[in-house]
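Engineer: Handing you a structure now.
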Amino acid sequence: MFTWNWGTMLAEPLVQMSPFDMRLVRVIRELQDEVRGLVPSAIVADKMKMKPRTVRYYLRRGEDAGFLFRPEGERSGYSAIQGVVCSLAARDSIERQASTLNALDVGLLRLLAGRALPISGRALPQFLNVSPRTIQRRLQKLEDAELVHRPVGDKSGYQVNGTRAMKVCAWAEAGLMRLKIDPFQMRVLSEMRWRERYCDAMSSRLLSQYMEIPERSMRYYLRQLEGLNLVNRPLGNKAGYRLTDVGIALLDMKGANDGTIN
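So that you can map any letter, position 18 of the sequence shown is 153 in our numbering, and since no number is skipped, the others follow by simple counting.
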């Protein structure tokens, strides 16, 4: 009988996982709970409604990358690395919390994150053109969710509560943005993510060459994406473009939903 021995497993995958890899690990973890043991590739293929040959390819790739393994040899079933499962559980928690936020919540978090000092709840309505009562209600919700806090006490101003709060905010903003993005804009974002493996920032000229469109058209699309907070130029207007945390979350969200590999 197969017994769990988490102490022999790696804590982290050897390479960065794509959204589809994450989906694959989640499916294997769910099946492990159902069968109480190792998971054969045929069961994974049936669960994911994919061809067995295609699933075997992705399973071998996951094994080579270090986030899947076959503890009883090449003819046994698959298991997911515990460290990866824990990491995905944390990400699932972020996604669930992000789904509860609306546009006003995102606006509040972005506003608070852009300030070095805490902001009084009474001062926030003038920035967002919303009634004080509505602002107070949303702040209470964010505070209950531990996304904002009042560092000096109940009478002090509000601040964003750490980096996790900004990850939740990015996922929420990406969810709100998903319906506004056309397919070509998603192609530009995907191309930038792929190229960022080799360079820190991308110029409009370089991107236009890679995607084989006029540079003028590429500048137009990049300005659109910059206005949507999906890309930015952190070193100034003459510098190259990079994906923002919202752009990365949007790509991860799309890849997890449709099985594409970024």
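The C-beta atom is built at its ideal place from N, Cα and C for all residues, glycine as well. Everything numeric in this text was worked out from a predicted model, so none of it was measured.
Please go through the same chain and pick out, in chain order, the residues whose beta-carbon is closer than 8 angstroms to the beta-carbon of Arg322, but skip the five residues on each side of it.
Structural biologist: One-based indexing of the sequence shown puts residue 322 at position 187. Around Arg322: Met346.
Engineer: In whole angstroms, give me the CA-to-CA distance for Ser214 and Ser352.
Structural biologist: For the purposes of this step, residue 214 is identified with residue 79 of the sequence shown, where counting begins at 1. For the purposes of this step, residue 352 is identified with residue 217 of the sequence shown, where counting begins at 1. Cα to Cα, Ser214 sits roughly 47 angstroms from Ser352.
Engineer: Would you call the stretch 362-379 in contact with the stretch 293-303, where contact means no fewer than 3 C-beta pairs closer than 8 angstroms?
Structural biologist: Judged by Cβ distances under 8 angstroms, the stretch 362-379 makes no contact with the stretch 293-303, as fewer than three pairs qualify.
Engineer: Given 8 angstroms as the limit, is there contact between the stretch 381-388 and the stretch 307-322, that is, 3 or more CB pairs closer than that?
Structural biologist: The stretch 381-388 vs the stretch 307-322: in contact.
Engineer: Are there 16 or more other CB atoms within 10 angstroms of the CB of Tyr333, so buried, or fewer, so exposed?
Structural biologist: Start at 1 with the first residue of the sequence shown, and residue 333 comes out as number 198. Exposed, because fewer than 16 other Cβ atoms sit within 10 Å of the Cβ of Tyr333.
Engineer: Leaving aside the five residues before and after Ala233 along the sequence, list all residues of the same chain whose C-beta is less than 7 angstroms from its C-beta, in chain order.
Structural biologist: Start at 1 with the first residue of the sequence shown, and residue 233 comes out as number 98. Within the same chain, Ala233 has close Cβ partners Val303, Trp306, Ala307, Gly310.
Engineer: Should Val265 and Met327 be called a contact, given that it needs their Cβ atoms to be closer than 8 angstroms?
Structural biologist: If you number the sequence shown from 1, residue 265 lands on position 130. If you number the sequence shown from 1, residue 327 lands on position 192. The answer is no: Cβ separation not under 8 angstroms.
Engineer: Among residues of its own chain, excluding the 5 on either side of Met301, which ones have a beta-carbon nearer than 8 angstroms to its beta-carbon?
Structural biologist: One-based indexing of the sequence shown puts residue 301 at position 166. Around Met301: Leu244, Ala248, Val295, Asp380.
Engineer: Span of the alpha helix (DSSP H) holding Ile270?
Structural biologist: The residue given as residue 270 occupies position 135 in the sequence shown. Looking at the DSSP string, the run of the alpha helix (DSSP H) that includes Ile270 is 267-279.
Engineer: Give me, in chain order, the residues of the same chain whose beta-carbon lies closer than 6 angstroms to that of Leu236; leave out the 5 immediate sequence neighbours on both sides.
Structural biologist: Position 101 of the sequence shown, counted from the first residue, corresponds to residue 236. The answer, listed in chain order, is Ala307.
Engineer: Which two residues bound the contiguous alpha helix (DSSP H) that contains Cys304?
Structural biologist: Along the sequence shown, one-based indexing puts residue 304 at 169. Cys304 -> alpha helix (DSSP H) spans 297-312.
Engineer: In the structure shown, what three-state DSSP assignment does Phe155 receive?
Structural biologist: Mapped onto the sequence shown, residue 155 falls at position 20. Correct three-state label for Phe155: helix.
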